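In my numbering, the protein residues as written are 183 to 754.
All residues carry an ideal CB built from backbone N, CA and C; glycine is no exception.
These figures come from a predicted structure and were not determined experimentally.
One structure below.
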Amino acid sequence: MQKFCLPGVLLAAALAMACAGAAPAPAAAVASAPQRPKPTPAPGPPPPVLDTYGGLSSVTAGTATGFFRVQKVGERWVFVDPLGHPFWMLGVFAVDTNTDTAAGTIYTIGKYGSRATWGEQAVRRLRTWGFNSTAEYSSAYVVPVNNDGSYETTDPMPWVAIMRPSYYSLRDSGGYAPQPVKDLVAGLDSVYRNYRGDTLPDVFDPDFAMYANASLAAQTSAAEAASSWLIGTAVDDLDDLWGFGPSPDLPAARTSSNIGWIALCTNFQQTANAQLGEIYTDPEVYTKYALANWLQAKYGSIAALDAAWGANYTSFGDAGGFGTGTGLLDEDGRDPWVGADDVALRGASAAVRADLNAFLAVYAQKYFSIVSAALRKYRPNQLIFGPCTLNSWNGISRAAILAAAGQYTDVIQASMATQQVFDLSLQEAGDRPFVTWTGMPANPDSDLSAYPNPNEPDVYSTQAARATAYTAAIKADFAYTGSTAAGNLAGSQNVAGSKFWAWTDSWGERTNWGLVTFLDNPYDGVADGIAAGTDAWGYATGGEAANYGNFIGPAQQANAAVIASFAAALGH
């Protein structure tokens, strides 16, 4: 579990009170500090009237079904809420109490008296700030119905859930399969020199499909499956799908391995995974065998494969052992016709590149077909969202992955760093709706100012600059339109929403991702300061180590402007 710290005297007070069983409070000394004036909201036209779900009350998009769906209205993809009104998603990830340390949790819960009250207040604040949904990793106390049906909020907000078979199946958490699914990255030997912090599941193992189905069935309550507030469910996180990230096709801050290369070069058997603490009674790595069978079906004989690849394998099977033998299953990336470039496949023969890219598509199809079938079965009324989030690190995911996401999901989650990324994403995925990821830190003007340079491509110096970047990003996402160049979906507007990362800052990453500080103060230029105060609902604010800037105010205006533009685009 990640950790975070409270500044100075507040940390000591929080820890002391945690041990005593009481909730911490801001230091009394800050009460005498002068409060900063509240910013005056900018004047503007009255906002569009929204229905209870956040859709445009004055616009109808087909028949009301009682659940969220997606539809293309003219050239624009939109969500349609349960009442039949268009909805442009403005979500927030990980709306949760501070769980990195007991002190942080106790402080936040102590401020409100209970998690339930905190959850109700978090939803009120989000709505006030112009957001209309909660996203993956959010607390059960902010969703209208939790997964066992035991708790319901009184102030519901639409939400997106997440299923993570690619993470939990590697541990067989809950015991939903005969044994854990293997990690393909763990089977790579020293020839592989790329990142090992993420994993990739052996999706051809029958246990993967078994786990995906059984875990989802167990974790879907009747109330949740019937809830009109559940927009849909995302399938996994990119942290658990190494190879789904940026390709070498466009410049990106980071790139990920080609899954075809991983399938060829991973060990064909695993008996244990020391890092995960798992022992396997069935050592077979099914994805590598699937590749061997696929190649055998294509070429017919090992001689034909060798001729095409410029290889000298002696069989499609094992002939001497992984890393030393002459069978296809023994390949670990050491052979010259394969090449050691796991990202761009430089150095590999043309036929090797073509076949590994083709098998990448086979893998992606297998993965998406399994998780989508499980969701269609157990949550048939709600939408299927792709993994969060493709096109990461300002790049673009591989074409085969975008294509499979377009085929099997209802909504693709993908960042759109540029017009080129947008156009190429539509070319590969097809005419599908997208939801983007938005996040940007300003560590120097936050409770993480002691760590001014986190490992992120874009870090801003002030909350005001951060807000300007957010405004530009959300405006660009809404406005993206297919260009007229050949091969593009000219005029198509496929971004149906955006999700902001995240509710609070991350101590584990030492990064100012949050709408609120570790002390639960919004970055609004008033509450996020030294002086003690109260918010509009009477809850305590202040107690920070310094006075931080205003992100919330401009972000609220940006959200309102997008909804106004959305209404105007639909003729409101």
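Next item on the list: Run the CB neighbour count on W719, radius 10 Å, all protein chains shown included, and call it buried at 16 or more, exposed below.
Entry: exposed
Next item on the list: Quick one: residues in its chain with C-beta nearer than 7 Å to the C-beta of D346, no 5 flanking neighbours on either side, listed in chain order?
Entry: For the sequence presented, residue 346 should be read as Arg rather than Asp. Excluding residues within five positions, the ones whose Cβ falls inside 7 Å are D418, D419, D422.
Item checked: Three-state secondary structure assigned by DSSP to F541 -> helix
Next item on the list: Just the C-alpha distance for I552 and A391, rounded to the nearest angstrom, thanks.
Entry: 6 Å
Check: According to the Cβ coordinates, are Y545 and A445 closer than 9 Å?
Finding: yes
Check: T437 lies in the beta strand (DSSP E); which residues open and close that run?
Finding: Neither: T437 is in no beta strand (DSSP E) and is coded neither H nor E.
Check: Can N563 and A646 be called in contact, C-beta distance under 9 Å?
Finding: no
Notebook entry, point to check: According to the Cβ coordinates, are S439 and N376 closer than 9 Å?
Noted result: yes
Note to self: Does chain E have any CB closer than 9 Å to the CB of G442?
What the structure shows: Considering every chain present, this structure includes no chain E. It has just one protein chain.
Checklist line | Burial state of Q675, where buried means 16 or more other Cβ atoms lie within 10 Å | finding: buried
Next item on the list: Decide if the stretch 622 to 638 is in contact with the stretch 730 to 746; the criterion is three or more beta carbon pairs, one per stretch, under 8 Å apart.
Entry: yes
Notebook entry, point to check: If you pair each beta-carbon of the stretch 246 to 263 with each one of the stretch 566 to 579, do three or more pairs fall below 8 Å?
Noted result: no
Checklist line | Every unbroken alpha helix (DSSP H) within the stretch 578 to 656, with a cutoff of 4 residues, ordered by chain | finding: 581 to 590, 601 to 611
Note to self: Give me the residue from I288, G369, G696 with the minimum Cα distance to D514.
What the structure shows: G369
Item checked: Cβ-based neighbour list, I578, same chain, cut-off 7 Å, excluding 5 preceding and 5 following -> P428, S429, D431, L432, V603, L606, S607
Item checked: Cβ shell of Y294 (< 8 Å), same chain only, five flanking positions each side left out -> W300, Q303, Y721
Margin query: Which of the three DSSP states is assigned to L780 in this structure?
Written below: Past the edges of the chain, shown from 183 to 754, lies residue 780, and the structure says nothing about it.
Note to self: Considering just the uninterrupted stretch of the beta strand (DSSP E) at G735, what are its terminal residues?
What the structure shows: Not the beta strand (DSSP E): G735 falls in the alpha helix (DSSP H), residues 734 to 751.
Check: Hey, how far is the Cα of S643 from the Cα of G696?
Finding: 15 Å
Check: Should A246 and P268 be called a contact, given that it needs their Cβ atoms to be closer than 9 Å?
Finding: no
Check: Can you name the start and end residues of the alpha helix (DSSP H) that M392 belongs to?
Finding: 388 to 400
Notebook entry, point to check: Among residues of its own chain, excluding the 5 on either side of R378, which ones have a beta-carbon nearer than 7 Å to its beta-carbon?
Noted result: V367
Check: Between the C-alpha atoms of A485 and S531, what's the straight-line distance to the nearest angstrom?
Finding: 16 Å
Check: Can you give the Cα-Cα distance for D517 and K480, rounded to whole angstroms?
Finding: 21 Å
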